[in-house]
Amino acid sequence: MNRRWAGVWALAGMLLGGVSMSAHHSFAAEFDINKPVTLSGTVTKIEWVNPHVYVFLDVRDAAGKVTPWSLSSLGPAAARRAGVTRSSFGQGETVTVLAYHAKDGSNFGFMRRMTFADGHSIELWLGDDAVKQ
Amino acid sequence: MTNMLSAAAAAMLLTGAITAAQTTPASPRTQDGQVDLNGIWGVAPLPPAVKAGDSVRWLLPLKGVNPEGTDVFKGLDRWQVDARAAAPNKPEYKPELLQKVKELSDKQGVLDPAFYCKPQGVPRMGPPTQIVQTPGQVVFLYGASNLFRVIPADGRPHRADADPSYMGDSIGRFEGDTLVVDVTNFNDDTWLGSDGYYHTEAMHVVERLRREGDAIIYTATVEDPAVLAKPWTTTPRTLKRSTSASDALLEAPPCVEHDAPHIVTLDHH
């Protein structure tokens, strides 16, 4: 690992560890990594709260039926420091979201990526390949 | 002649000042002569993020975790567990209580009081993000949680009219470059850390904030003879002083727990 990415590791350690703003529950206890879902819909509400930001989405299927979903993300303080603000999450816009379905089967998931109509996206990149970005 | 005397006096003063500086580099002082701890301290660095146009890729590098694989969440959970397991400095419980600590730790995902938006309390909440000092009083502000502690430092004793609480009752005193905060009157609804480290209402905490140049060194020592085999002192944290306007404290969003009803396994975090 070169020096530059060693610094990134240290940052990530602080981000996830010593500076955690609120206690987070286990992700694996709640979301199923084997159940990724792609949802297209309209952002109806953004709850900018601790310990996780929540985005509410009205998902419309091919028959026009609307199903409300809620999506969890990381915390607002970490988001702010990454330059992601409340207005980044597209209130009222039509978006496509990649999320991981909650293990309890409810219309709830952990949001990994939100893609907007103009093609831009907000993505949470988790894993080793981050060092190759 | 007068000029010569003045020059000699100035030289003596200068020599004295240099001697003092060499022996004890004085930390900044407040107007009432105490060590100056005013300021915003220990701001976390920016997390790595890659921007391209309006797009943001927010990076959480997890060593050994394939970002396209199926161990992402376990990797995310494991990060902190591994870091804590590797840390040699842990509170030492009485032998007969180790099983209870393990049971609490195993069920941490549902039992940790801090998961339900309760304050992490002293000492788990760590050092303040801003300190405001006035003569005889120090105020700790915790920007991440909108919490505060008003700490008298004028020689008065602990107050007797308060209920036990998450952050306890604090009194402070100055010892040279160190502010010593004595904290009592806790409730038992906090843990010392994520691994089942419970305590009783008899807990007594002494925090030390020592100014060293442009930093504060923070430790907390926990005594709770009912559960701990011996007092435990946290690993010292070095908090750099921030001078950036963008680090000024903001109102923190409230804590609203949505996740608890969806937790279906006891995975530890």
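Protein chains in written order, with my numbering: chain A, 6 to 138; chain B, 4 to 272. Where a beta carbon is used, it is the ideal one built from N, C-alpha and C, also for glycine. No experiment lies behind these values; they were computed from the predicted model shown.
Beta carbon of residue i nearer than 7 angstroms to that of residue j
i	j	result
A:M119	A:A104	no
B:I134	B:N41	yes
B:D80	A:A87	no
A:G124	A:L76	no
B:V125	B:G56	no
B:R211	B:T222	yes
B:T46	B:A52	The question names Thr, but residue 46 of chain B in the sequence shown is Val. Not closer than 7 angstroms, so no.
A:W53	A:R85	no
B:G112	A:S31	yes
B:S108	B:G196	no
B:P207	B:V230	For the record, residue 207 of chain B in the displayed sequence is His; it is not Pro. No, Cβ-Cβ distance for B:H207 and B:V230 is not below 7 angstroms.
A:V42	A:I51	no
B:D166	B:V38	no
B:S173	B:V183	no
A:H106	A:S78	no
Environment of residue i [buried if 16+ CB atoms lie within 10 Å]
i	result
B:T246	exposed
B:E178	exposed
B:Q123	buried
B:T193	buried
B:P228	exposed
B:P256	buried
A:N39	exposed
B:E95	exposed
B:G67	exposed
B:P34	Looking at the sequence shown, residue 34 of chain B is not Pro but Gln. Counting Cβ neighbours within 10 Å, B:Q34 comes out exposed, since fewer than 16 surround it.
B:A205	exposed
B:K93	exposed
B:S249	exposed
B:Q102	exposed
B:V141	buried
B:W186	Correcting the residue identity first, residue 186 of chain B is Val in this sequence and not Trp. Result: buried.
Where residue i meets chain B, residues with beta-carbon distance less than 8 angstroms
i	result
A:N112	Within 8 angstroms Cβ-Cβ: nothing; A:N112 doesn't reach chain B, min ~11 angstroms.
Contact list for residue i against chain B, beta-carbon separation under 7 angstroms
i	result
A:W53	P256
A:A107	H265
Chain-ordered chain B contacts of residue i [CB-CB under 9 angstroms]
i	result
A:F94	Within chain B, no residue comes near A:F94; the closest Cβ sits about 11 angstroms away, beyond 9 angstroms.
A:R88	In the sequence on display, residue 88 of chain A carries Gly and not Arg. Chain B residues near A:G88: L49, A52, K54, V59 and W61.
A:A104	In chain order: nothing, as chain B lies at least about 12 angstroms away.
A:L129	R60, W61, L62 and L63
Within chain A, the residues that residue i reaches when beta carbons sit closer than 7 angstroms
i	result
B:P280	Summary: the structure shown does not reach residue 280 of chain B, with chain B confined to residues 4 through 272, and so no result is reported for it.
B:G67	D133
B:V75	I38, L131 and G132
Identity of the residue in the options nearest residue i by Cα
i	options	result
A:A67	A:G124, A:R85, A:L44 and A:I127	A:L44
A:G132	B:G56, B:N69 and B:G216	B:N69
B:I43	B:F143, B:I266, B:K233 and B:L150	B:F143
B:P138	B:S108, B:A156 and B:P91	B:A156
B:E260	B:Y119, B:V75, B:V84 and B:V230	B:Y119
B:T224	B:L107, B:R127 and B:E71	B:R127
A:L129	A:V89, A:V64, A:A107 and A:D109	A:V89
B:A117	B:Y169, B:P98 and B:K54	B:Y169
B:I220	B:T236, B:A232 and B:E226	B:T236
A:L62	A:E35, A:W74 and A:G97	A:W74
Cross-chain neighbours of residue i in chain A, by beta carbon under 9 angstroms
i	result
B:P126	Those do not exist, as B:P126 stays about 13 angstroms from chain A at its closest Cβ, beyond 9 angstroms.
B:N41	Chain A residues near B:N41: none, gap ~22 angstroms exceeds 9 angstroms.
* Report the residues of the stretch 55-72 of chain A with a CB closer than 8 angstroms to any CB of chain B, ordered along the chain. => The residues in question are N55, P56, H57 and Y59.
* chain A contacts from the stretch 258-272 of chain B (Cβ-Cβ distance under 9 angstroms) -> If the cut-off is 9 angstroms between Cβ atoms, the stretch 258-272 of chain B has C258, V259, E260, H261, D262, A263, P264, H265, I266, V267, T268, L269, D270, H271 and H272 near chain A.
* Residues, ordered as in the chain, of the stretch 78-106 of chain B that lie near chain A by beta-carbon distance below 8 angstroms -> G78, L79, D80, W82, Q83 and A86
* Asked: Can you list, in chain order, the residues of the stretch 133-153 of chain B whose Cβ is nearer than 9 angstroms to any Cβ on chain A?
  -> G146, A147 and S148
* **Where the stretch 36-49 of chain A meets chain B: residues whose CB sits under 7 angstroms from a CB there** => F36, I38 and N39
* Asked: Using Cβ-Cβ distances below 7 angstroms, what residues of the stretch 168-195 of chain B are close to chain A?
  -> Only those residues of the stretch 168-195 of chain B whose C-beta falls short of 7 angstroms from the nearest C-beta of chain A would be listed, and there are none.
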